[in-house]
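Some notes on the structure that comes next.
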Amino acid sequence: MAVAARRLPRYREEVIWWDRIKIPLFYAVLIGWTIVCITPFWLSLVYSLMPKEHVFDMPPKLWPHPFSLDNYRVVVTTFELFPRWLLNSTLIAVVVTIVRTIFCAMGGYAFARLRFPGRNLLFILMLASMMIPPQVTLVPNYLIIAKVFHLLDNLLAVILPGITTAFGVFMMTQFYKSIPVELEEAALIDGANRFQIFFRIILPISRAALITLALFTFQGSWNEFMWPLIVLQTPENFTLPLGLKWFQSEYYTLYSIVLAGSLFNSLPIIIIFFVFQRYFIRSIAVTGLKGV
Amino acid sequence: MSPRLRRKLGEWLTAYVFLSPYLFVFGTFTVFAVGFAFYLSFTKYNLFSPPKWIGFANYTRLLQDEDFIKHALPNTLKYVAVVVPVQTVISLIVAFALDQEIKFRRLFRTLFYVPSVTSSVVISLIFMWMFNKVGAVNSLLKMLGLPSHIDWLNNIHTALPTIMAVNIWSTIGTMMIIFLAALQDIPVTYYEAAMIDGANRFQIFRYITVPLLRPVIFFVVTMGLIGCFQVFDQIYVMTAGGPLGSTLTIAYLIYKNAFQSTTPRMGYASAMAFVLAVMIFVATMLQRRIIETEPYE
Amino acid sequence: MSERKFLTLVTLLILASLLATACATPTPQVVKETVVVTKEVPVEVTKMVTKVVTKEVEKVVTKEVEKPRIEVRLSGWTASPEEENLLRASLYEFSLQNPDIIVKYEPITADYWPKIKTMVASGTEPDIYYMDIFQFPFFAQQEVLLPLDDFMSKSGVKKEDFIESLINAFTYNGKVYGIPKDFNTLALFYNKKMFDEAGLDYPTDDWTWDDLKAAAKALSKPEENIYGFGVPPDAGRFPIFVFQNGGRIMTEDFSDTMLDSPEAIEAAEFYTSFRKEGIGAIPSDVGVDWQGTGFGQGSLAMVLEGGWLVPYLKNQFPDVEFDAVTPPAGPKGEGNLVFTVAYVISKNCKNPEAAWKVIEYLTGLENQTKVLHSGFALPTRKALLDDPYLKENTVAAAIFRGAEFATPFMWGLYGSDVNEEMRKALERIYLEDVSPEEAMKDAAKKLREIFKGG
């Protein structure tokens, strides 16, 4: 835009002035929002890295001083089952993420592109099912896991109901609706069937959406609390969030340790986000054309 | 069989095969769970004794329940009316900005997503700490010479807005990522064509980006509506509905009746849940008309 | 990577993970006895215990190989990791004495009541679980618990062995349904340094309401945000003032509330007057979510709390010097609340004899003495009233003495609603400047509607 302004001298002065500060202003807003976004996270990191007696230090500290890894040591070493919880959480999150992402993409593709009887009704029912607050379906869901599947205290009790979700199917449906149909039409004319199209064309070109869904799924499954709490019983089968709750006793809470535990718990998600973030690049048009 | 019919049948079959995993979960869990809850909404059920049929009594009771009519319902509606538009618009603008060729784009994206990975417990703790009477927010206000003795979360006028702010803050990252992913799916050619025609960024955003994103905007708004109508977590941790019901929401009232009452009122909670679901459904259908102009055959 | 390869990889991953999950699931234990003992109840409390114990394991195991083992599931909410270890050590000890019984400990780390109620609703609840007195009336009325009288008489456990108010609290229609495991009452905790600085004598058991008020006045420095006494809008604190004023929260049969009685209204007037006069504060006034923190930080000089405050202060504010006495007496004498937890046996329990043995051991004199000496909780057996530990530990002693005048923290089938309305009434007085009389009367009116509607 700055270039345009120079080329058009008849712009009034204010406009040129605006053009000059526009970019710095833009970055200022971005940086301001960044500060708003990371302050709470940063503060919790700082306070988790100080001895627990300092958790009420005011005014807010921006750097951990005195520094101590004690809270993290307590989180990791207090319970000998800690590695087991980590393993359980990882197992559940990885399986659920892979399975659900693919299944939801399949479902979303069917809703977005295929014609079949009952499509509208099913779609509406799916939307409606998300609108029932989970508090009232908890008990019947528990009954199914306990009485039909006999999976109480089994990691599969957490995995099974999570292999697809209305949220995921809905999300993929909407994404596929916003992808141009030309690519598939070309393939259909070439005689490819729907399965080939889905796995060879659709999955690769919807990479950004798939990664997003996978990220959400991993995060959701990793943090899931109420359902695992209800269906898992023995400490050996706990997930990390269930185990970490152990540090919040009935009567009082030592905040530094809770902060350390929570941060420990979000670490994998941050890493995963950072790693997969690079897939959020505009690549679809290019990849899509190559696919055809 | 005509080839046309065969192709049609093939497509039906394909569709159901694609949908089968979802239908499995839907059929085994959702149908029964929702059906059971619906049945319970016409009963008196304390979890331990068998449900007792009482017809519409739970629904009529709602109309006389002060907690519902005076607190939970208006609070929930206020919450939705403020949070949904604000979170959607901000996250869309942020996503559009981060989709541009700007410096440190990846870094900004990661940092903007940080609120979404921060666990809700930590978020609640930190915000309770920042918004308490002698906390960071009041210290900041004092520095600016503004009134600084507000007990944000323990004041009937400021508690709900504070929770709204926390929720907006913590959801924008997630919504931004959805929009960002959707923006990647818009072919560059569309933008190039617009640029050649001399459109500025605002025009591109208004006439190209937004229309193409319609299905995804519908998705984000719907999820926002569901999330806001069912808002529970932060209220549970930060205020437990107080002070004096000023942050009591329908979802929290459902939880209270279903699980926190010494004698559970599961039937009543279920009735409330279905009233809430109907409200969400109506709101979703209304916004779908506005956003997704292209009808869904 | 080609799509096919990718797909194969994904499929393999899924299969592998599913397999791993299946393997991770514990299979019913029919394995070699030695393994079971050490696996089921691991101990990591002190090295000393572990040593003694390992020796005995070998002995026991060689004897009892053929006997079938009975599994008993035990659930409770989780306390601090240290306290948790104590329970595990006790269970371990028990397994040595009773090699035919395996206690499967299934702790519930959060949302205890939603989970227990969901489990009872579907008949999958553990054999033994913790029962808070507050929740007890509903469980007893619904007949989901096993009466314990027969077991008690068979094994010679007498009601009289336990502190009366505790065991009576878990008696319903003349039958005992729970054996109290520990309890707490409220004590007046005070910050010694703040008293010294103000030149005041430390509180005593003989304090009255007037003494409390005078001290609160002398200790308060509102301009520095320091207050004499904590008066949270909390249904777990306020009722003792009603009792001390000769009132009740509920009628004898719990069918009606007495929150609108003159005694209760007066108590509310007194309780809320502290904050009105600037000599008392609710937690949020001093920027905390719990007055224990305010006490530790030195912004509240006196608070009414239970024994749970001690480990918190020790961990979080190790420098605070404090002590405790029984709460002050009101116009009508002493009054206190007792919070107590019992072990109950589910009606669905398949081996009630074995479950009873576990309870008998855990509430037995030997184990209760251990609990007392650990400092985590106060035991429920009368015999321990004279234990030397209580002489050395003044806070525990104050809490123990409090039980004498205490009423169980329990308001019947709609306890949570009573709590809620009580809290709201106090909040209205504090935040909306409603008169105590109006607030308490409205609360009572609302509660009567709830009792009617169910």
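Chains as they are written, first to last, in the working numbering: chain A, 1 to 292; chain B, 293 to 589; chain C, 590 to 1043.
The C-beta atom is built at its ideal place from N, Cα and C for all residues, glycine as well.
Source: prediction; values computed, not measured.
7 Å Cβ cutoff, residue i in contact with chain A
{"i": "Lys1013/C", "result": "no"}
{"i": "Ser294/B", "result": "no"}
{"i": "Val620/C", "result": "Low confidence applies here, because Val620/C scores a pLDDT of 32, under 50, leaving its location unreliable and the question unanswered by this model."}
{"i": "Tyr314/B", "result": "yes"}
{"i": "Tyr718/C", "result": "no"}
{"i": "Gly699/C", "result": "A small correction: the amino acid at residue 699/C is Ala; Gly does not occupy that position in the sequence shown. For Ala699/C, the answer is yes, since a Cβ of chain A falls inside 7 Å of its Cβ."}
{"i": "Ser440/B", "result": "no"}
{"i": "Ile503/B", "result": "Residue 503/B is actually Pro in this sequence, not Ile. False, the Cβ-Cβ gap to chain A never drops below 7 Å."}
{"i": "Tyr681/C", "result": "no"}
{"i": "Trp796/C", "result": "no"}
Through-space distance from residue j to residue i, alpha-carbon basis
{"i": "Pro507/B", "j": "Val574/B", "result": "18 Å"}
{"i": "His962/C", "j": "Tyr978/C", "result": "7 Å"}
{"i": "Asp153/A", "j": "Ala146/A", "result": "9 Å"}
{"i": "Thr698/C", "j": "Leu183/A", "result": "52 Å"}
{"i": "Ser408/B", "j": "Pro268/A", "result": "13 Å"}
{"i": "Leu43/A", "j": "Tyr405/B", "result": "16 Å"}
{"i": "Asn834/C", "j": "Asn237/A", "result": "51 Å"}
{"i": "Val909/C", "j": "Asn780/C", "result": "7 Å"}
{"i": "Ala729/C", "j": "Pro703/C", "result": "17 Å"}
{"i": "Lys1030/C", "j": "Leu1036/C", "result": "10 Å"}
Residue-chain proximity (residue i, chain B), Cβ-Cβ < 7 Å
{"i": "Leu1020/C", "result": "yes"}
{"i": "Val892/C", "result": "no"}
{"i": "Leu49/A", "result": "no"}
{"i": "Tyr1003/C", "result": "yes"}
{"i": "Ser256/A", "result": "no"}
{"i": "Gln196/A", "result": "no"}
{"i": "Lys644/C", "result": "Unreliable placement is indicated for Lys644/C, whose pLDDT of 39 sits below 50; the coordinate value is still reported in the next sentence. No, Lys644/C lies away from the interface with chain B (no Cβ there is under 7 Å from its Cβ)."}
{"i": "Phe276/A", "result": "no"}
Nonlocal neighbours in the same chain, by C-beta distance under 6 Å from residue i, ignoring five residues either side
{"i": "Phe497/B", "result": "Phe388"}
{"i": "Ser462/B", "result": "Pro407 and Ile415"}
{"i": "Pro631/C", "result": "Its pLDDT being 38, under 50, Pro631/C is placed unreliably by the model, and the measurement read from it follows with that caveat. Once the five neighbours on either side are set aside, Pro631/C has no close Cβ partner at all."}
Close-in-space but distant-in-sequence residues of the same chain around residue i (CB under 8 Å, 5 per side omitted)
{"i": "Ile230/A", "result": "Leu138 and Tyr142"}
Under 7 Å between C-beta atoms of residue i and residue j
{"i": "Asn937/C", "j": "Gly767/C", "result": "no"}
{"i": "Ile868/C", "j": "Lys806/C", "result": "yes"}
{"i": "Leu913/C", "j": "Ala776/C", "result": "A small correction: the amino acid at residue 913/C is Ala; Leu does not occupy that position in the sequence shown. A contact, by the Cβ cut-off of 7 Å."}
{"i": "Ala110/A", "j": "Ala474/B", "result": "no"}
{"i": "Val692/C", "j": "Leu663/C", "result": "yes"}
{"i": "Ser256/A", "j": "Lys52/A", "result": "yes"}
{"i": "Phe772/C", "j": "Leu755/C", "result": "yes"}
{"i": "Ile829/C", "j": "Pro916/C", "result": "yes"}
{"i": "Ser744/C", "j": "Asn956/C", "result": "no"}
{"i": "Pro821/C", "j": "Ile854/C", "result": "no"}
{"i": "Ile722/C", "j": "Met999/C", "result": "yes"}
{"i": "Tyr719/C", "j": "Tyr252/A", "result": "no"}
{"i": "Pro670/C", "j": "Glu858/C", "result": "no"}
Residue i - containing alpha helix (DSSP H), residue span
{"i": "Ala853/C", "result": "Pro851 to Lys865"}
{"i": "Arg990/C", "result": "Thr983 to Gly991"}
Within-7 Å CB hit, residue i to chain C
{"i": "Gln476/B", "result": "no"}
{"i": "Thr531/B", "result": "no"}
{"i": "Ser129/A", "result": "no"}
{"i": "Lys245/A", "result": "yes"}
{"i": "Val414/B", "result": "no"}
Chain F contact for residue i (CB, 7 Å cutoff)
{"i": "Leu242/A", "result": "Going by chain labels, chain F is absent from the structure shown, which instead holds the protein chains A, B and C."}
Host beta strand (DSSP E) of residue i (start-end)
{"i": "Glu184/A", "result": "Unbroken run through Glu184/A is the alpha helix (DSSP H), Glu182 to Ile189; no beta strand (DSSP E)."}
{"i": "Thr774/C", "result": "Gly767 to Thr774"}
{"i": "Ile394/B", "result": "From DSSP, Ile394/B is part of no beta strand (DSSP E); its letter is neither H nor E."}
{"i": "Pro997/C", "result": "Ala995 to Pro997"}
{"i": "Gly817/C", "result": "Tyr816 to Gly819"}
{"i": "Val927/C", "result": "Asn925 to Ile934"}
Chain-order list of residues whose beta-carbon lies under 7 Å from that of residue i (same chain, five-residue window excluded)
{"i": "Thr368/B", "result": "Phe521, Thr541 and Ile542"}
{"i": "Ile98/A", "result": "none"}
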